[in-house]
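The opening position of the sequence shown corresponds to residue 1250 in this note's numbering, with each subsequent residue numbered one higher. Virtual Cβ for every residue (Gly too), placed ideally from N, Cα, C. Read the structure below first, then the notes.
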Amino acid sequence: MDREKSKVYFSDMHTNANINLPQKLARLCRRAGMMDMDFTNKFVAIKLHFGELGNLAFLRPNYAKVVADLVKEGGGKPFLTDCNTLYVGSRKNALDHMDAAYLNGFSPLQTGCHVIIADGLKGTDEALVPVEGGEYVKEAKIGRAVMDADVVISLTHFKGHESTGFGGALKNLGMGCGSRAGKMEQHNSGKPHVVQEVCIGCGQCKKQCAHGAITIENRKSSIDHSKCVGCGRCIGVCPVDAVETDFDEANDILNKKIAEYTKAVVDGRPCFHIALAVDISPNCDCHSENDIPIVPNVGMFASFDPVALDQACADAVNRQPVVQGSQLSKMPHEHHDHFTDTHPDTNWEVCLEHGEKIGIGQRAYELITV
């Protein structure tokens, strides 16, 4: 007997005098069944990306307020959360991270709830969570506050990513909920290298490396793989695309580890997932800058199934025309997939295939327009 398809609910970004975007998001969440969850006196982690300072593509805090208000309406106790980063930036420890969150608008006055950095001051406050059926991860290192929550809601900015193809719900949950050690475990399968003939010695990669793995001699960068953790920041900041991953399926392993970390987060408790495919930048919100979107805004999606949600978002983005002048428009369109064309060394489908295999959702979905 065929398995029933997962339901994914969708709303476009069009408004009128009778309804605005926050109201549309609230309506979407209700229609998708979010308010059927038991929030009464429950701690509810709203997992999102606060945006690196200088990046303006992250989700506006107004959307987080909608979700927090719905949780409070249901009697829950919401908090916004994320874990610290591996790389040099404005979110590498809890104090800097909270400063960045507040500067980007995620203050209690704006959102109606508090910010808790899930893995603590230095990114070491973690829970060890067994991953049933994990091929690469047997015990995930998850930020403790995420695991202490009774309910998890992911609020995701759906966009491109230089290592995984796109950043969707699984990336938000799997990589995002990993402690600093958890992030390192997920990344360390892939070690990039510098194509010396292309490198111009500008030093951007060295500036972004938090682990002292990059040196510059004779105006050429090189990467010490004994120090490199494979976080991929150097790939994203290189202005001439001189930094590449080794062609050893490293990004595929990263995607599978992300799926397994997601399983650690969602197994055994109520979860709900929201994704906004807007301001679809080519790279992650971890960058301290954002390029113009690769396609026009698509809309809002919600589902209890994070795999189906990511698949629906990817399908919708791939149906969009390419924005002229964007990074995607300058790439050869060899793969007939906007994300793989933007970052040819990536294959986002691996993450969803593995997520389906280990039981966190399915790729088959029914799209219901709200």
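Practice problem: For Leu1352, I'd like the list of residues in its chain whose CB is within less than 7 Å of its CB, leaving aside the five on either flank, ordered along the chain. | Solution: Leu1302
Practice problem: Using the Cα positions of Ala1459 and Ile1617, report the straight-line distance between them to the nearest angstrom. | Solution: 44 Å
Quiz item: Where does the unbroken alpha helix (DSSP H) through Lys1512 begin, and where does it stop?
Solution: 1499-1515
Quiz item: In terms of alpha-carbon separation, which member of Gly1372, Val1315, Asn1304 lies closest to Leu1335?
Solution: Gly1372
Quiz item: DSSP three-state call for Cys1362: helix, strand or coil?
Solution: coil
Quiz prompt | Whole-angstrom distance between Val1320 and Leu1284, CA atom to CA atom | solution = In the sequence on display, residue 1284 carries Met and not Leu. Approximately 8 Å, taken between the alpha carbons.
Quiz item: From Asp1540 to Asn1532, what distance separates their C-alpha atoms?
Solution: 8 Å
Exercise. Grab me the residues of Cys1487's own chain with a C-beta within less than 7 Å of its C-beta, minus the 5 sequence neighbours each way, in chain order.
Key: Gln1453, Cys1454
Quiz item: Roughly how far, in whole angstroms, is the beta-carbon of Asp1345 from the beta-carbon of Ser1339, given that I think they are within contact range, below 8 Å?
Solution: 6 Å
Quiz item: Leaving out the 5 sequence neighbours to the left and right, which residues in its chain are closer than 8 Å to Met1286 when beta-carbon positions are compared?
Solution: Gly1323, Val1400, Pro1519, Phe1521
Practice problem: Could you check if Ala1294 is buried or exposed, using at least 16 other CB atoms within 10 Å of its CB as the buried criterion? | Solution: buried
Quiz item: Looking at the structure shown, is Phe1496 part of a helix, part of a strand, or coil, going by DSSP?
Solution: In this predicted model, Phe1496 has a pLDDT of only 45, less than 50, meaning its place in the structure is not dependable; the value taken from the coordinates is given anyway. Here Phe1496 sits in coil by DSSP.
Quiz item: Where does Arg1568 land, buried or exposed, given buried means 16+ other C-beta within 10 angstroms?
Solution: exposed
Quiz item: Would you call the CB atoms of Ala1394 and Phe1299 closer than 9 Å?
Solution: no
Quiz item: Buried or exposed: where does Arg1429 fall if 16 or more other Cβ atoms within 10 Å of its Cβ makes it buried?
Solution: buried
Quiz item: Where does Asp1368 land, buried or exposed, given buried means 16+ other C-beta within 10 angstroms?
Solution: buried
Exercise. Could you name the residues that DSSP lists as bridge partners for Phe1259?
Key: Phe1550, Thr1618
Quiz item: Rounded C-beta distance between Asp1516 and Gly1417? I'm assuming under 8 Å.
Solution: Actually they do not touch by this definition, with Cβ atoms about 19 Å apart.
Quiz prompt | According to DSSP, residues forming a beta bridge with Gly1382 | solution = Looking at the DSSP assignment, Gly1382 forms no beta bridge with any residue, so it has no partner.
Quiz item: Got a sec? Which residues, its chain only, sit under 6 Å from Lys1410 by beta carbon, not counting five neighbours each side?
Solution: Here residue 1410 is His; the residue named in the question, Lys, does not match the sequence. Answer for His1410: Gly1416, Cys1533, listed in chain order.
Quiz item: Helix, strand or coil for Glu1375 per DSSP?
Solution: strand
Quiz item: Leu1305 by DSSP, collapsed to three states: which one?
Solution: coil
Self-check item: Integer Cβ distance of Ala1555 from Thr1595, believed to fall under 8 Å
Solution: Sequence check: residue 1555 is Pro here, not Ala. In fact, because the Cβ distance is near 19 Å, the residues do not count as touching under 8 Å.
Quiz item: Comparing alpha-carbon positions, which option in Ala1491, Ala1563, Cys1535, Glu1509 lies nearest Ala1526?
Solution: Ala1563
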